[in-house]
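Engineer: Chains as they are written, first to last, in the numbering used here: chain H, 7 to 325; chain W, 102 to 365; chain S, 7 to 687.
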Amino acid sequence: MSGIGTVLAVGWGDGASDRPGAEALGGALAVAAKLGLTAVYASLGDPPEPGAEAAAASGVRALAVRGGAGDAESLTAQIVALVEEFAAVVVLIAADDRGRQLAPRVAARAGGVGVNNATALEVIEGSLHVTRPVFGGKAMCRLVPLRVPAVVSLRSRTFEPAPGAPGGSVEVRSMPVQSRVRLIENIPPVLEEEHLEDARVVVSGGRGMGDAEAFAALEELAGALGGVLGASLAAVDQGWVSPSRQVGLTGKVVSPELYVAVGISGASQHLAGLASGVVLAINKDAKAPIFESAQLGLIGDAKLLVPALISAVRATRGG
Amino acid sequence: MSAPHVVVLLKDILDPELPGSRFRIDPGRLEPAEGVGSAILGPFERSALELALKLKDAVGARVTALSVGDPGVLDGLRKALAVRVDAAIQVGLKGAANLPPEATAELLVAALGRLVDVDLVVAGRQAGDWDHGQVAYLLAEALGWPCVGLVRRARYEGDELQVLHDHAGGQRLVSVPSPAVLTVTNDDALLLRMARVSDLMAAQRRPIERFEASELGSGSSTPGFKIADLWVPARTSVCEFIPGEGPEEQAVNAVRRLQEMRLL
Amino acid sequence: MGVLLAAEPTRQIQWGVNAAMVDFMYASMTVALLVFSYGVWRRIRVWRLGRPAARFDHPLERGLGVLREILGHTRLVRDRAAGIVHWLVFFGIAVLFMATVVVFIQHDLGIGIMRGAFYLYFESLTVDVFGVFAIVGVAAFVVRRYVIRVGRLGPSEPADALLAAALLLILCTGYLLQGSRIAATHDPWGLWSPAGYLVSLLLGRLWSPAQLELVHGWVWTFHVALWHTVLAVIPFTRLFHLVMAPVNLYFRALGAPGVPAAIDFESEAAIGLASALDLSWKQLMDLDACVACGRCEAVCPAFAEGKPLSPRSVVLDLRQHVRENSRVLRRARRAAPGERESLTQGLPRLAGGVIKEEAIWACTTCRACEDACPVGVEHLSLILPLRRDLAMEQMRVPDGVREMVVSLEDRQQPFRGASAARADWYQDLGVRQLSDVADPSQLEVVYWAGCAVLSSPRVASVARAVVKLLQAAEVDFAVVGAQEVCCGDPARRSGNEFHYDQLARQNRPTLASIGDARVLTHCPHCLQALGAEYRQMGLVLKSVHHTELIQELIDSGRLHLTRPLASTVTFHDPCYLSRYRGQTQAPREALAAGGLRLLEMARSGRDSFCCGSGGSHAFFRDPVGRINRNRAEQALKTGAETVCTACPFCLTMMEEGVEVARPGGGVPVRDVAELVLEALI
């Protein structure tokens with residue numbers, strides 16, 4: 007990678023916060039610096055302006071792109087056009103559901119290579135090295151893209167959000183793209199007080215919960231702790247909880263301060279969804295793998311411990 | 102409209118529920134050590150297969166299961182035959198588990214080229230081993246077909262394929278033109294059905310068609326990345342077990358500890 | 007009439023009966039026998055619908071078993087009150103019947119046996135006394151059914167009252183006959199029939215000899231007509247058990263109890279009970295043998311929990327279905343296979359149609375029903391094939407069973423989500439693995455740990471306790487360890503016979519290598535599979551349960567318990583140990599040797615009450631109600647300081663049950679091995 011080209015960061019700028027986009031930009035700034043390139047930010051959300059404005063505040067060239075259908079089809083086309091326009095050699099995007107589909111598609115169309123779920127990016131002797139979890143998080147892999155552009159989706163908290171500074175302006179771009187996929191109905195996300203990914207406390211239940219009723223108790227515990235309810239893939243597969251609660255490699259990535267894992271064995275790709283936080287694990291089995299990753303452990307029957315915790319927490323809160 | 106032809110992409114992966122303590126890496130080959138666990142049909146592939154079978158139930162779709170794999174490992178294809186797919190095809194290739202995504206996609210394009218009138222390709226959102234999550238999307242790009250990811254439901258309304266998929270935290274119901282590629286995510290409505298025993302037994306005898314990778318005339322793709330290192334991260338945390346005689350005492354001690362750690 | 011003192015004791019047969027009445031008797035007997043035969047033929051006609059069953063072996067053993075049951079009433083007296091009453095009725099009527107046979111021999115065959123001491127002691131005294139027994143018995147039955155209203159008897163039909171009335175009438179008129187004859191003939195040996203004599207005193211005061219003769223004649227005719235009527239209707243009422251009970255018991259399953267029929271998947275077309283045509287003649291016979299006594303229902307743990315399973319209803323509902331549709335079924339059996347389909351397609355499917363799915367799944371296969379049944383109905387031979395149809399043909403299984411099957415397919419163990427490896431539990435114990443032993447047949451014992459050790463460290467600690475005992479006793483053993491795959495019991499008991507078959511075959515070469523060495527296990531389900539059921543595929547193993555081995559080691563002095571635990575314990579007999587294996591003593595002796603005092607639950611030993619996790623229930627998402635909590639309450643009620651059991655599934659269930667009943671409450675649940683180990687060191 008030489009001094010020609012840019013590092014393009016892409017975000018959605020949905021609503022008020024675009025933390026994923028800001029993290030992508032933070033990463034772009036870091037990588038661009040190491041490669042001696044400039045960073046560019048494109049906000050493709052609906053509306054795109056807020057994200058772009060935040061980026062501009064960091065002093066980078068920021069574009070607010072309008073005109074797509076917001077789906078993977080049109081986003082791919084728009085990002086590829088931007089890659090060509092800005093001769094991007096690296097494209098960074100959040101590894102959320104959209105980002106992980108876009109990385110391979112953009113890479114394929116632009117003749118580059120896609121890498122998903124990066125947890126670290128380094129520049130070693132002028133080459134980009136991407137570290138990512140594999141085998142459900144049982145192992146880590148470091149790979150080196152051999153073509154440009156390298157389109158990398160980033161796990162959350164891999165980079166700090168770009169710092170804001172006054173100045174910079176936003177270019178509004180119109181890139182009308184027709185998607186071959188036609189929208190029939192949009193079902194917006196269920197409104198919650200706090201988004202799972204932004205929650206400070208998450209209480210998750212797994213296979214060990216046994217049934218859907220047990221999740222009601224967990225939700226109560228989450229409420230008492232001021233947090234949000236999450237779940238493992240196994241619990242979602244049982245139909246005990248809505249898929250939007252799934253935490254894991256193929257679910258949401260959460261970075262709370264406290265993560266309470268109840269009835270979760272820890273053997274699967276679940277822990278890969280946990281970017282940070284102190285883990286308190288509650289499990290009947292003292293040898294469950296979750297205790298290898300937890301800082302605090304409670305051994306016992308969740309059916310008895312969860313209500314006891316709810317009472318204990320409420321007692322300290324004076325209510 | 103004649104019955105659509107649906108191709109389901111299958112992959113056998115190292116048992117995803119293998120206990121972490123048994124997982125080992127062969128440092129020379131940068132792959133999991135041989136024999137560390139058995140290879141079984143991956144979880145997202147099972148969801149994809151169930152989605153395809155539901156289309157078969159609903160509109161009589163013809164389902165072909167297609168897997169690029171180690172010639173010896175046929176768990177997924179046998180399972181697919183046992184749940185009554187119409188045909189099973191293996192693209193035989195040693196060490197296919199670690200084939201780069203582009204190469205896999207290339208083989209699949211060539212294999213699909215040998216099939217007649219494919220209307221829909223259904224794949225899991227990612228294979229639970231290397232977790233690249235790319236093959237289906239690379240395939241869609243190579244074929245130039247529309248692609249919808251993270252699908253939970255699919256149905257044919259007349260000739261129109263309608264699909265419910267995850268999008269931006271919520272869901273969308275979209276209409277997809279044929280031919281197309283779908284990736285499927287896990288859902289409690291997509292648990293793979295049990296096989297009838299008579300079908301299980303018949304599956305042992307049903308033929309699996311073999312395409313040789315060398316015959317498919319692929320190999321022109323150059324790898325997109327190089328694996329520099331593969332390691333098992335050291336577990337450094339030591340869990341502090343909170344004591345207590347009975348749940349009430351445990352809970353009280355836990356809350357106290359959390360307060361000490363300023364998490365409460 | 008008076009000169010009879012010097013003569014030999016006897017009486018005039020058919021005294022006071024005229025020729026017309028005698029003709030009537032022979033005529034009505036003929037008609038009754040014809041009707042009876044017709045009734046039996048109708049039943050046989052249904053049995054002939056059935057598929058073959060190999061129950062013609064070992065005639066001597068079979069016959070002796072029937073005799074034992076008839077004479078000893080061994081099954082019947084397990085409900086003591088009812089058993090005693092039945093004994094009275096049965097032997098009462100049996101003796102009376104023999105008396106009639108004696109009359110027949112004397113009168114119609116002309117062989118003069120009805121005289122002398124035999125006449126006095128048997129034909130008079132014994133018969134008279136047993137006749138009273140019969141009356142007392144039938145009256146007691148009436149009181150049980152209509153006054154006390156014993157619950158398990160269920161709703162009564164008019165036929166029940168009519169039969170009871172008929173029997174009482176027959177018996178009472180018999181005494182009327184005796185009394186009138188004794189009075190009218192001034193029978194010198196009248197006192198030898200005490201009850202008849204008492205009646206004669208009364209009648210003698212009422213009527214003259216001539217009147218008594220008249221009364222006698224008509225009562226005799228009535229008596230004969232009534233008894234012939236009862237004879238005729240036997241095949242159409244619950245009295246058919248007179249024939250069915252011995253016959254059904256004769257054709258019972260010999261050998262280890264509770265072994266389901268194996269399926270040869272290569273050749274069998276029907277792999278479960280789909281239609282009544284899939285029933286064997288023995289199963290059809292079971293249906294006819296049932297007298298609706300309700301003992302099975304009374305001991306069923308699922309029924310006690312209010313679940314929709316009643317073993318009695320399964321039998322009676324199937325019976326009703328077969329009888330209602332017997333014409334169609336017979337035609338279908340005779341038809342060609344293609345036509346057969348179309349003939350039976352209007353009939354409801356047995357599993358899910360005739361018998362509700364929830365009922366079929368509610369069974370924990372504890373076998374209390376089969377054990378309690380006095381006529382030898384094999385309930386599980388009906389329920390498990392129904393499950394096979396649900397699981398293997400209809401693919402309708404409870405949540406949790408599907409996951410279990412997937413886990414068996416992918417990992418050869420039933421506990422989805424268990425992350426332990428098979429070799430983990432014994433890593434630090436310094437034991438040999440079977441694969442490291444050159445000649446396993448020289449070992450004393452080969453330890454099969456089973457899959458439950460993977461499910462929780464609690465169970466693994468039981469296995470570790472067993473190993474420590476083996477090491478203390480210096481037993482030459484090896485663990486099978488990593489070579490094990492699931493014994494297949496969860497698959498078999500959930501109707502997934504194919505998966506059982508696959509797993510068993512996988513285990514066969516490993517176990518075939520142990521030759522004469524005994525396979526030891528702490529899990530009664532593995533014990534049943536390896537010790538009894540693997541024989542079906544030709545693998546005959548000597549098996550021993552860990553409680554049995556521990557008792558042997560204690561008895562032979564190889565385990566010397568030096569620290570008696572002075573406390574009280576109640577032992578929960580695992581169903582698969584008590585009712586399948588037939589072992590109830592070994593664990594108790596081991597506990598006693600450890601200094602523990604046993605406080606027994608009301609339902610213990612062979613009568614044990616299921617913990618609720620058999621029949622693959624341990625893997626259900628919603629186990630059948632809370633059978634285990636019921637059982638835990640029973641255990642706690644004994645006041646014992648410890649609850650003890652000998653099965654990993656019972657252990658898990660009892661721990662949960664005890665914890666719920668007494669949260670944090672300090673009544674530990676332990677395995678026998680753990681307690682013996684405590685008493686050892």
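Cβ atoms here follow ideal geometry from the backbone N, Cα and C, with glycine treated the same way.
1. Determine which residues of the region 300 to 318 of chain W have a Cβ less than 8 Å from any Cβ of chain H, and write them out in chain order.
2. What's the C-alpha gap between Leu262 (chain W) and Thr284 (chain W)?
3. Using the three-state DSSP reduction, which class does Asn331 (chain S) fall into: helix, strand or coil?
4. Going by the DSSP bridge assignment, what does Met146 (chain H) pair with across the sheet?
5. Once DSSP output is grouped into helix, strand and coil, what is the label at Ser261 (chain H)?
6. Under 7 Å, Cβ to Cβ, is there at least one residue of chain W near Gly74 (chain H)?
7. In this structure, how does DSSP classify Ala205 (chain H) when only helix, strand and coil are distinguished?
8. Determine the extent of the beta strand (DSSP E) in which Asp113 (chain W) is found, giving its start and end residues.
9. What span of residues does the beta strand (DSSP E) with Gly225 (chain W) cover, start to end?
10. Smallest Cα separation from Arg188 (chain H): which of H:Arg148, H:Pro262, H:Gly74?
11. So that I know if they touch, is there some Cβ in chain H lying closer than 7 Å to that of Tyr257 (chain W)?
12. With 9 Å as the C-beta to C-beta threshold (strictly closer), list the residues of the region 274 to 298 of chain H near chain S in chain order.
13. Please list, in chain order, all residues of the same chain as Val196 (chain H) whose beta carbon is under 8 Å from its beta carbon, the five residues on each side excluded.
14. Please identify, using Cβ separations under 7 Å, the residues of the region 217 to 246 of chain W that lie next to chain S, in order along the chain.
15. Less than 7 Å between the C-beta atoms of Gly33 (chain H) and Phe165 (chain H), yes or no?
16. What does Asp289 (chain W) touch in chain S if you count any residue whose Cβ is under 8 Å from its own?
17. Quick one: residues in its chain with C-beta nearer than 7 Å to the C-beta of Leu175 (chain W), no 5 flanking neighbours on either side, listed in chain order?
18. What does Ile277 (chain S) touch in chain W if you count any residue whose Cβ is under 8 Å from its own?
19. Helix, strand or coil: which one does DSSP assign to Gly173 (chain H)?
20. Pick out whichever of S:Pro674, S:Val437, S:Ala259 has its Cα sitting closest to the Cα of Asp63 (chain S).
21. Hey, how far is the Cα of Gln534 (chain S) from the Cα of Tyr582 (chain S)?
22. Can you find a C-beta in chain H that's less than 7 Å from the C-beta of Pro6 (chain S)?
23. When the Cα atoms are used, what is the spatial distance from Arg587 (chain S) to Asp579 (chain S)?
24. Which residues does DSSP pair with Cys650 (chain S) in a beta bridge?
25. What residues in its chain sit with their C-beta under 8 Å from that of Ala484 (chain S), if we drop five residues either side in the sequence?
26. Using 8 Å as the Cβ pair cut-off and three pairs as the minimum, do the region 237 to 246 of chain W and the region 208 to 227 of chain H touch?
27. If you measure from the beta carbon of Glu199 (chain H) to each beta carbon in chain W, is any gap under 7 Å?
28. Can you tell me whether Glu347 (chain S) is buried or exposed? The criterion is at least 16 other CB atoms within 10 Å of its CB, across all chains shown.
29. Only counting the same chain, and skipping five residues up and downstream in sequence, which positions put a Cβ closer than 8 Å to that of Glu55 (chain H)?
30. Between the Cα of Gln217 (chain S) and those of S:Trp195, S:Ser387, S:Ala189, spot the shortest distance and give me the residue it belongs to.
31. In the DSSP assignment, what are the bridge partners of Leu134 (chain H)?
32. Quick check on Val184 (chain W): buried or exposed, where buried means 16 or more other Cβ atoms within 10 Å of its Cβ?
33. Any chance the region 75 to 92 of chain S sits against the region 137 to 152 of chain S, with 3 or more Cβ pairs inside 8 Å?
34. Quick check on this structure: which residue in H:Arg213, H:Pro295, H:Ala230, H:Leu304 has the alpha carbon closest to the alpha carbon of Gly345 (chain W)?
35. What number of angstroms, rounded off, separates the C-alpha of Ala62 (chain H) from the C-alpha of Ala211 (chain W)?
36. Straight-line CA distance for His229 (chain S) to Leu39 (chain S)?
Structural biologist: Inspection of the coordinates gives the following:
1. none
2. Cα to Cα, Leu262 (chain W) sits roughly 14 Å from Thr284 (chain W).
3. Coil.
4. DSSP, once it has assigned bridges, lists H:Pro139, W:Trp332 as partnering Met146 (chain H).
5. coil
6. no
7. coil
8. 113 to 115
9. 221 to 225
10. H:Gly74
11. The beta carbon of Tyr257 (chain W) does not come within 7 Å of any beta carbon belonging to chain H, so the residue lies off that interface.
12. Ser274, Lys290, Asp291, Ala292, Lys293, Ala294, Pro295
13. Ser248, Ser250
14. none
15. yes
16. In chain order: nothing, as chain S lies at least about 10 Å away.
17. Gln191, Ile309
18. From the beta-carbon of Ile277 (chain S), the residues of chain W found nearer than 8 Å are Val298, Ser299.
19. Low per-residue confidence applies at Gly173 (chain H): pLDDT is 47, beneath 50, and the placement is therefore not dependable, though the value from the model is reported in the following sentence. Three-state result, Gly173 (chain H): coil.
20. Cα-wise, what sits closest to Asp63 (chain S) is S:Ala259.
21. For Gln534 (chain S) and Tyr582 (chain S), the distance between alpha carbons rounds to 7 Å.
22. With chain S running from 7 to 687 in the structure shown, residue 6 (chain S) is simply not present.
23. 11 Å
24. S:Phe577, S:Arg676
25. Within the same chain, and ignoring the five residues on either side of Ala484 (chain S) in sequence, the residues whose Cβ sits closer than 8 Å to its Cβ are Val437, Arg438, Gln439, Leu440, Asp442, Val443, Pro446, Leu449, Val452, Tyr453.
26. no
27. With a pLDDT of 43 at Glu199 (chain H), under the threshold of 50, the modelled position of this residue cannot be trusted; read the value that follows with caution. No - not a single Cβ of chain W is within 7 Å of the one on Glu199 (chain H).
28. Under this definition Glu347 (chain S) is an exposed residue.
29. Gly19, Ser49, Ala70, Val176, Val178
30. S:Ala189
31. H:Val129
32. Its Cβ being crowded by 16 or more others within 10 Å, Val184 (chain W) is buried.
33. yes
34. H:Leu304
35. 46 Å
36. About 16 Å.
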